[in-house]
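Engineer:
2 protein chains.
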Amino acid sequence: MHTEFENYLASQTDLSGETIRHIGSMATMRKLHKNEALLTSGEICRHKVFIINGMLRSYYLRTDGSEHILQFSPQLTWTLDVESYDKQTPSLVNIEAVEKTEVLLWAKPDFDKLLKEIPELKTFSERLIARTIYHNRNRILTILSGTPEERYLEFVNTYPDYLARLPLRMVAAYLGISLKTLTRIRHAQLQREAGIMDK
Amino acid sequence: MHTEFENYLASQTDLSGETIRHIGSMATMRKLHKNEALLTSGEICRHKVFIINGMLRSYYLRTDGSEHILQFSPQLTWTLDVESYDKQTPSLVNIEAVEKTEVLLWAKPDFDKLLKEIPELKTFSERLIARTIYHNRNRILTILSGTPEERYLEFVNTYPDYLARLPLRMVAAYLGISLKTLTRIRHAQLQREAGIMDK
DNA sequence: CGGTCTCTTGACGGAGTTCAAAGCTAGTGG
DNA sequence: CCACTAGCTTTGAACTCCGTCAAGAGACCG
Chain A
1086 MHTEFENYLA SQTDLSGETI RHIGSMATMR KLHKNEALLT SGEICRHKVF
1136 IINGMLRSYY LRTDGSEHIL QFSPQLTWTL DVESYDKQTP SLVNIEAVEK
1186 TEVLLWAKPD FDKLLKEIPE LKTFSERLIA RTIYHNRNRI LTILSGTPEE
1236 RYLEFVNTYP DYLARLPLRM VAAYLGISLK TLTRIRHAQL QREAGIMDK
Chain B
1086 MHTEFENYLA SQTDLSGETI RHIGSMATMR KLHKNEALLT SGEICRHKVF
1136 IINGMLRSYY LRTDGSEHIL QFSPQLTWTL DVESYDKQTP SLVNIEAVEK
1186 TEVLLWAKPD FDKLLKEIPE LKTFSERLIA RTIYHNRNRI LTILSGTPEE
1236 RYLEFVNTYP DYLARLPLRM VAAYLGISLK TLTRIRHAQL QREAGIMDK
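Chains as they are written, first to last, in my numbering: chain A, 1086 to 1284; chain B, 1086 to 1284.
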């Protein structure tokens, strides 16, 4: 059971098989169909989430109806609304399945206990946090300094497989550009490729 | 000596005066004049930095000469280039004094030792990291979803005292808009205030 | 096979950028 | 303490790129 999770943790840490199974045993499994919500803004984020397969997105819904995507979470990654989870306060974001998705859920008190019991899990967790920080800093830089086209190209390079799994409007909502601009850029790219072919 | 630092740590933690003095004793002081660099891109960030007074900024310099500011660090806050510091790899950013500034510096090996010796310092450090994460998430949301004007107003609300201390072009470089747009927004604000006064 | 969601495309309008010039301010040195 | 300079800010003109609106084609799902 949860073999994907166990393999993941075994490959990422030095934890013993027994410990890994113990960690897994504290989680509950949940299946989400496409577009099903895992967390809705206003709710408190009570669980740490590991994605077994599928893909989630965390997005912010403005009062004018526009969506802005903070992150995509594909298989074998973790997600949650950090601030809501840490402080147990209402969340500002929504987390939903982009496609059919299976997740493991740990209630915060349970995971906190695991972190206390298993120092190596704590260390691993800190490593993930560090990566999140680097990633967010880089994202800020990209949005601040890049043109829409540069952002798109960086996105494609960083996540080569996402494009095929996501509707373009979500990519646009992630890059902070309009769908129109995105298709314009993609059109220009195609032109360019065709031009190269000609030679 | 370093009384600002000691007061700060005493107010933020439960650390004993003795421990605080011990931590402070591992740091070296450095004075920076206006526009002096503390870290230049390409260098490795070898120190953790606490700002006693003054203000630093961390910015990214594009090849086209444009500057993009990741953060301002006023008195009684910490700064560094996280990724460069953690991994001891060349930094992508520059850190410079916006005004005359005094800082305390801890060499990474020394600070690592302190973190190991003093669990409460580690806890405190984690709290700061958490705040950084919340802050960066919020910044991403603001840049993605806000108009230039909204971003400016949020900036003014969040950091009421910064405006008076920073050249506007740096505010623009932080908000990700042109200086021209920033002055336009400010002009519109003034008009509005004048309108209110009339009534 | 119908309906919904998605993507593309065109026309248009507007907000933001660039470039350039001029006024203002603050810091420096004499 | 004053004069000067360098950097900062404002403003105008022209332009460009992006966004909104709207329509239509295509793909996918039930």
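For glycine and all other residues, C-beta sits at the position ideal for the given N, C-alpha and C.
Just so you know, these numbers come straight off a predicted model, no measurement behind them.
Does DSSP classify A:Met1114 as helix, strand or coil?
Structural biologist: strand
Engineer: Helix, strand or coil for B:Val1134 per DSSP?
Structural biologist: strand
Engineer: Short check: CB of A:Leu1124 to CB of A:Asp1166, under 8 Å?
Structural biologist: yes
Engineer: With 8 Å as the threshold, decide whether the Cβ of A:Ala1215 is near any Cβ in chain B.
Structural biologist: yes
Engineer: Answer yes or no: does any C-beta atom of chain A fall closer than 8 Å to that of B:His1087?
Structural biologist: no
Engineer: Listing by chain order, which chain A residues have their CB less than 9 Å from the CB of B:Asp1197?
Structural biologist: Those within 9 Å of B:Asp1197 in chain A number zero; the least Cβ separation is about 13 Å.
Engineer: Please name the residue, chosen from A:Asp1197, A:Leu1267, A:Ala1257 and A:Thr1217, that lies closest to A:Arg1131 on a Cα-to-Cα basis.
Structural biologist: A:Asp1197
Engineer: In its own chain, which residues sit with a C-beta less than 7 Å from the C-beta of B:Trp1191, not counting the 5 before and 5 after it?
Structural biologist: Met1111, Ala1112, His1132 and Lys1133
Engineer: Should A:Ser1169 go down as buried or exposed, given a rule of 16 or more other Cβ atoms within 10 Å for buried?
Structural biologist: When all chains shown are included, A:Ser1169 counts as buried.
Engineer: Among B:Tyr1219, B:Glu1128, B:Leu1161 and B:Ser1210, which one has its Cα closest to the Cα of B:Tyr1093?
Structural biologist: For the residues B:Tyr1219, B:Glu1128, B:Leu1161 and B:Ser1210, the minimum Cα distance to B:Tyr1093 belongs to B:Leu1161.
Engineer: Report the residue ranges of all beta strand (DSSP E) runs contained in full by the segment 1164-1210 of chain B; include only those spanning at least 3 residues, in chain order.
Structural biologist: 1178-1182 and 1186-1192
Engineer: What is the residue span of the alpha helix (DSSP H) that A:Leu1124 lies within?
Structural biologist: Counting along the chain, A:Leu1124 falls outside any alpha helix (DSSP H), though it belongs to the beta strand (DSSP E) covering Ala1122 to Leu1124.
Engineer: Less than 8 Å between the C-beta atoms of A:Gly1150 and B:Ile1228, yes or no?
Structural biologist: It is not a contact, given that the beta carbons lie outside the stated cut-off.
Engineer: B:Arg1254 lies in the alpha helix (DSSP H); which residues open and close that run?
Structural biologist: Leu1253 to Leu1260
Engineer: Using 8 Å as the limit for Cβ to Cβ distance, is A:Ser1230 near chain B?
Structural biologist: Yes, contact with chain B.
Engineer: How would you call A:Gly1127, buried or exposed, if buried means at least 16 neighbouring beta carbons within 10 angstroms?
Structural biologist: exposed
Engineer: Among the candidates B:Tyr1145, B:Pro1204 and B:Ile1214, whose CA atom is the shortest distance from the CA of B:Leu1177?
Structural biologist: B:Tyr1145
Engineer: What is the rounded straight-line gap between the Cα of A:Thr1104 and the Cα of B:Asn1223?
Structural biologist: 36 Å
Engineer: Is A:Gln1160 helix, strand or coil by DSSP?
Structural biologist: coil
Engineer: B:Ile1225 and A:Ile1225: beta carbons closer than 8 Å?
Structural biologist: Yes; because the gap between Cβ atoms is below 8 Å, this pair is in contact.
Engineer: When you compare the CB of B:Asp1190 with every CB in chain A, is at least one pair closer than 8 Å?
Structural biologist: Before going further, note that residue 1190 of chain B is Leu rather than Asp in the sequence given. Answer no: the Cβ-Cβ gap between B:Leu1190 and chain A never drops below 8 Å.
Engineer: Could you check the C-alpha separation between B:Gln1330 and A:Gly1102 for me, to the nearest Å?
Structural biologist: The shown model of chain B, from 1086 to 1284, leaves out residue 1330 of chain B, and the question about it has no answer.
Engineer: Taking DSSP's pairing of strands, which residues face A:Ile1129 in a bridge?
Structural biologist: A:Pro1175
Engineer: Taking just the CA atoms, how far does A:Asp1099 sit from A:Glu1205?
Structural biologist: 8 Å
Engineer: Would you say B:Pro1252 lies against chain A (beta-carbon separation less than 8 Å)?
Structural biologist: Contacts with chain A at 8 Å (Cβ-Cβ) do not include B:Pro1252.
Engineer: Over what stretch of residues does the alpha helix (DSSP H) that includes B:Ser1096 continue unbroken?
Structural biologist: Thr1088 to Gln1097
Engineer: With 8 Å as the threshold, decide whether the Cβ of A:Val1256 is near any Cβ in chain B.
Structural biologist: no
Engineer: Let me make sure I understand the geometry here. Which of B:Arg1115, B:Phe1090, B:Ser1158 and B:Leu1117 has the alpha-carbon closest to that of B:Arg1250?
Structural biologist: B:Ser1158
Engineer: Helix or strand or just coil, what does DSSP make of A:Lys1284?
Structural biologist: Only weak support exists for where A:Lys1284 lies, its pLDDT of 42 falling under 50; the value from the coordinates is given anyway. Three-state result, A:Lys1284: coil.
Engineer: Just to confirm the assignment, what range does the beta strand (DSSP E) spanning A:Leu1146 have?
Structural biologist: Met1140 to Leu1146
Engineer: What whole-angstrom Cβ distance do A:Arg1115 and A:Val1188 have, given they're in contact under 8 Å?
Structural biologist: 5 Å
Engineer: If we ignore side chains and look at the alpha-carbon of each, how far apart do B:Pro1252 and B:Glu1091 end up?
Structural biologist: 31 Å
Engineer: So the candidates are A:Lys1201, A:Ala1095 and A:Ser1230; which of them puts its Cα closest to the Cα of B:Arg1147?
Structural biologist: A:Ser1230
Engineer: Give a yes or no on whether the C-beta atoms belonging to B:Glu1211 and B:Glu1121 are separated by under 8 Å.
Structural biologist: no
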